[in-house]
Each structure stands twice: as structure tokens, then as C-alpha cells.
Amino acid sequence: MYGLVIQVALLLSLATFIQGNCVHNGITYEGGEHFQIRCNNCHCNQNGGVGCTRRFCIPSSQDCEIDGKVYYNGERYKDDCNTCTCVDGNSVCTKIDCQPNCKVDGKVYYNGERYKDDCNTCTCVDGNSVCTEIDCQPSTCEHNGIKYEEGESFQIECNKCQCVRGGAACTKKYCFPSSQDCKIDGKVYYNGERYKDDCNTCTCVDGDPVCTKIDCQPSTCQHIGIKYEEGESFQIECNKCQCVRGGAACTKKSCFPSSQDCKIDGKVYYNGERYKDDCNTCTCVDGDPVCTKIDCQPSTCEHNGIKYEEGESFQIECNKCQCVRGGAACTKKYCFPSSQDCKIDGKVYYNGERYKDDCNTCTCVDGDPVCTKIDCQPSTCKHNGIKYKEGEGFQIECNKCQCVRGGAACTKKYCFPSGQDMDSSFVVFYFHFLGLFDIFNIHRYTPFDPQQMRMRSKEDSYLSNGPVF
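In C-alpha cells form, the structure reads like this:
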């Protein structure tokens, strides 16, 4: 009895299922076709499953041994591109002149043989793979915030399910609530059911939630300087993508450059592709870049008096944070005070947290503050003879500025002078700004006297009539 069970299990393992087809001994059978595995007669179901008789097979002299492998009488197998059948101990084969095979990802496909590449079907034709060109979307299922890959098993209430072609194939039991279920935030999860809690996955086990303990970082994807949130769609070259668990799940089309693409600073962006230009986002539309028109401010975050640049990491209480678009993207752990925290001037800083003390930066390390030892000078900025204090706002030309650590943090607008501004001092300023003093060998004088400044040639001879500013 046990031997029969083992043989049945072995029979089912000998056949491979490929999208409604069955494969055995290198031969592909369509749904509805009959074939033989050892001494048993089998049937390929429409869904790719195999149903076989359950006879106990005993080797005999009518079997065929080919290259060390035994084929039972009546069983078929593949020999290069030919199909052979074992007949009373002899191999009877077709006599096809075999054409070159196709080798794809280390696997050999015979001439005329079909195989699957993602959602596309390919055929080996004279050594070349000829495939359909379907735009493949990622085939996944989602339940309770958890995504499942094709063929993956999961549970909905009390029913067992499997992800099949993007949908859930489930048992149909009637589910009754019990004391073994879990009630979380007003929602009931059945015993054995899984759900998502931030980046962690939880399973209801006999009335208690059992969760992974991942330190959740913000799940984002980045392409050409643009960050995308989990589930957000974007484009890489000509392929459509989606941000999935911090990675890009994309179609697999071959991209060919066209006149509708955009060439910016020597880099090509495909039609429909987005990219970053300073703080603005641009999209290539039929060969032309279409950009937002934001007045770009320096993107920084501030916590405990310390400023952090875009992308810089820091800590708020016990949570790890990152400066993202001027805001703090942080983990969501619940913080409990401990003896490793620091209490400074009535304020508590968690272990590892940083804060500002005048111009010095301190870090709480196991209950003790560890600080830089800078000799703090008053931090001021100067423009047009006026001094500005730290954090004070002022203007340079048409740009808004702020005094930050003794320097000017300003917008980056290009300033166009009005008619009233077009005097000699303006010209001198722009010659200095554009580097034309050095190009035309103009002498500089301080203080500036318009009547003393002349443009000279390399031979030091004055040009005709000046020019005099």
C-alpha cells in the first residue's frame, strides 16, 4: 500500500505543468491529450493538471534503457527534435532532420518548441526565439495590505486561497467567528489570517497577533532624482513601472529612441519619462521638456535647533528619520524613557538623539551628552554694509535670502534689471559677474570712478574713444 502511494506521488512529480500544458520526458502535451508515465496512462487536464491510473509498475524485458534511463513499454520521450516510443524493448523514433536549437537563460528549446517568457509565448524557429509582444503587468494578488506573487498561498477569513493570474482562488467554507480570532483596531482577523501593520506582517495565532519586528523605514523608490511612494507609478525609458517594496516593478519592452524623446544636457529622456531639474519636476512630452515652475527654496529640515539637508538622517526621540522634501520621514516606534536618556535644562533627549547647544552640536550617548567644542562667535551675515543675525531674512538683488551659519541661503532666480537700474555701476557689476574683466583685460578701481575705467586691448593700447563708462 505504501509503495503504491509513493509511486502515485512520484508520477505527479514527473510531469511539469506550464500554463495549461503538461511536459513529460521533454514532450509537451496540450490540455486534453493522453500520454503515458511509466506503465500508467495519464490525461493532461485543461488547467495543466495530470490525472493518471494507479497501477504498480514492474520493470520487464519489454522496457527500453537509453543512456542509462529506463522507459517503460509504450512510454514516449524526446531525443533531440525527434519523438521516440518504447515498443517491446526497442526505441521507435521519428526521423526529423533537426534544425538548430535555441538556448535561452541556460535552457535549450528545440526547433518548433514553445516556452513562456513572463506573460509572452515564444517559439524556437531555426535557432531564433520568436515571441509575442504583450505588455506584461506584474501578476500579483493583494489581501489585508499584503501582496502575494503568482502561485503563492494565503488565507481569507477561514478559507485557504492561492494567487492565480492576479485573482484569489479560494475554498468556499462558511466561516464562523471564534475566540481564536483577533480583533485589531475594530477589524476581525480569523485564526491563521495574515495582515499588514505598517511594514510588518502579522498573523493571527489562537487569538493573539504574531508580528515581524522590522524597524520600518519609509518605502520609496528613486529614479532620475525623483522619489516615488509605495504603489506610485512612473516610467523608466519606455517602460511603465510601479514602486513595490522599495523596488521598481516594470514592463519589459525593448526601447528604441525616437524624435519624440528629449535630449537635456547630453542625456536622453524617453517620451513620457520624468526627471528632476533642481526642485522642479520635468516630463518629456513629444520631444519637449514640460517642467513645473517652482521658486526653489533650499530644502532642509530642523529638529532640536539642528538643520538637516535633503536626504540626511537624524533621530527624533527613539525613531530614525530622514529629511525628505523639507519634512521628516520617520519610523513609528513607540518610545519609552530609559536611564540611557539625557535630561538637559529640563528637556529629555533620547539615547542617540542630537540637539544644539549654542553653536555646538551634542549627542546623547548612554545618558551623557557628548558635544563638539567650538569657540562660539556671534553668527552674522553682511550684505551692502548691513549686518544680519542668524535666521534673519534679507534680499540680494531680486532673491530672498536668510542668514544661515554666517552665510546667505538664497533663492536662485535670474534677476533682470529694470530701465532705471541700467547705470554704469550695473554694467560694472555684470562685467564682474560674467568674468568679462579678465576676458577684456578691464582694470578695476576702488572706489569705482566711471571716468577712470577704460577697456584696453592686450597690447594695452586704448580702443577708439574709450569706451568710457
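Residue numbers (mature numbering (1 follows the signal peptide of the UniProt record, and there is no 0)): -20 to -1, 1 to 449.
Each residue gets a CB set at the ideal place from its N, CA and C atoms; glycine is no exception.
Keep in mind it's a predicted model, so treat the numbers as computed, not measured.
Practice problem: Name the two residues that bound the continuous beta strand (DSSP E) containing Gly227. | Solution: 227 to 230
Exercise. Determine the burial state of Phe214: buried for a count of at least 16 other Cβ atoms within 10 Å of its Cβ, exposed for fewer.
Key: buried
Exercise. For Lys140, I'd like the list of residues in its chain whose CB is within less than 6 Å of its CB, leaving aside the five on either flank, ordered along the chain.
Key: Thr151
Quiz item: By the 10 Å Cβ neighbour count, where 16 or more other Cβ atoms means buried, how is Gln375 classified, buried or exposed?
Solution: exposed
Quiz prompt | Option nearest residue 454 by Cα separation, candidates Ser319, Pro349, Tyr170 | solution = Not covered by the structure: residue 454. The range shown for the chain is -20 to 449.
Practice problem: Taking Pro269 as the reference, give the member of Asn284, Asn299, His283, Asp245 with the closest Cα. | Solution: Asp245
Quiz item: Where Arg385 and Lys393 are concerned, what is the direct C-alpha to C-alpha distance, given to the nearest angstrom?
Solution: 22 Å
Self-check item: Burial state of Arg174 (16 or more Cβ within 10 Å)
Solution: buried
Quiz item: Per the contact definition of three or more C-beta pairs closer than 8 Å, is the stretch 63 to 75 in contact with the stretch 37 to 53?
Solution: yes
Practice problem: Go through its chain and collect everything with a Cβ distance to Ser199's Cβ below 6 Å, but skip five positions before and after it. | Solution: Glu210, Gly226
Self-check item: Paired residues, beta bridge with Cys182 - DSSP
Solution: Tyr175, Cys191
Quiz item: Over what stretch of residues does the beta strand (DSSP E) that includes Ile164 continue unbroken?
Solution: 162 to 164
Exercise. Verify whether the separation of the beta carbon atoms of Cys281 and Glu297 is less than 8 Å.
Key: no
Practice problem: Measure the Cβ-Cβ separation of Cys230 and Cys201 and say whether it is below 8 Å. | Solution: no
Quiz item: With 16 as the cutoff for other CB atoms within 10 Å, does Cys262 come out buried or exposed?
Solution: buried
Quiz prompt | Contacting residues, own chain, Cβ-Cβ under 7 Å from Glu377 (five flanking each side not counted) | solution = Cys395
Self-check item: Option nearest Cys182 by Cα separation, candidates Ser158, Lys220, His123, Gln240
Solution: His123
Quiz prompt | Segment contact, 8 Å Cβ cut-off, at least three pairs: the stretch 74 to 85 with the stretch 96 to 110 | solution = yes
Quiz item: What distance in whole Å lies between the Cβ atoms of Cys138 and Cys121, which are believed to be in contact at a cut-off of 8 Å?
Solution: 18 Å between Cβ atoms; not a contact.
Quiz item: Does the separation of the CB atoms of Cys2 and Asn20 fall below 8 Å?
Solution: no
Quiz prompt | Outcome for Val30 when other beta-carbon atoms lying within 10 angstroms are tallied against a minimum of 16 | solution = buried
Quiz item: Is Lys353 helix, strand or coil when you go by DSSP?
Solution: coil
Exercise. Return the first residue and the last residue of the beta strand (DSSP E) that Phe316 is part of.
Key: Neither: Phe316 is in no beta strand (DSSP E) and is coded neither H nor E.
Quiz item: Can you name, in chain order, every residue of its own chain whose Cβ lies under 7 Å from the Cβ of Thr33, other than the five neighbours on each side?
Solution: Asn20, Asn21
Practice problem: State the Cα-Cα distance for the pair Cys264 and Cys221, rounded to the nearest angstrom. | Solution: 16 Å
Quiz prompt | Beta-carbon proximity list for Asp257, same chain, < 7 Å, skipping 5 on both sides | solution = Cys271
Quiz item: Taking the alpha-carbon positions, what's the Pro189 to Cys162 distance?
Solution: 7 Å
Self-check item: Cβ pair Lys323, Asn284 closer than 8 Å
Solution: no
Practice problem: Kindly list the residues whose CB is nearer than 6 Å to the CB of Glu333, restricted to its own chain and excluding five residues on each side of it in sequence; keep chain order. | Solution: Gln295, Cys344
Quiz item: Once you ignore the five residues that flank Ser159 on each side, which residues in its own chain have a CB closer than 7 Å to its CB?
Solution: Gly187
Quiz prompt | Gly12 in three-state terms, based on DSSP | solution = coil
Practice problem: Rank Val110, Ser293, Arg305 by C-alpha distance to the C-alpha of Ile206 and give the top, closest one. | Solution: Arg305
Quiz item: Do Gly12 and Cys24 come within 8 Å of each other at the CB atom, strictly closer than that value?
Solution: yes
Practice problem: Return the bridge partner residues of Arg305 from the DSSP annotation. | Solution: Looking at the DSSP assignment, Arg305 forms no beta bridge with any residue, so it has no partner.
Quiz item: To the nearest angstrom, how far is it from the Cα of Gln302 to the Cα of Asp98?
Solution: 37 Å
Quiz item: Would you say Asn340 and Lys327 are within 8 Å of each other, going by their C-beta atoms?
Solution: no
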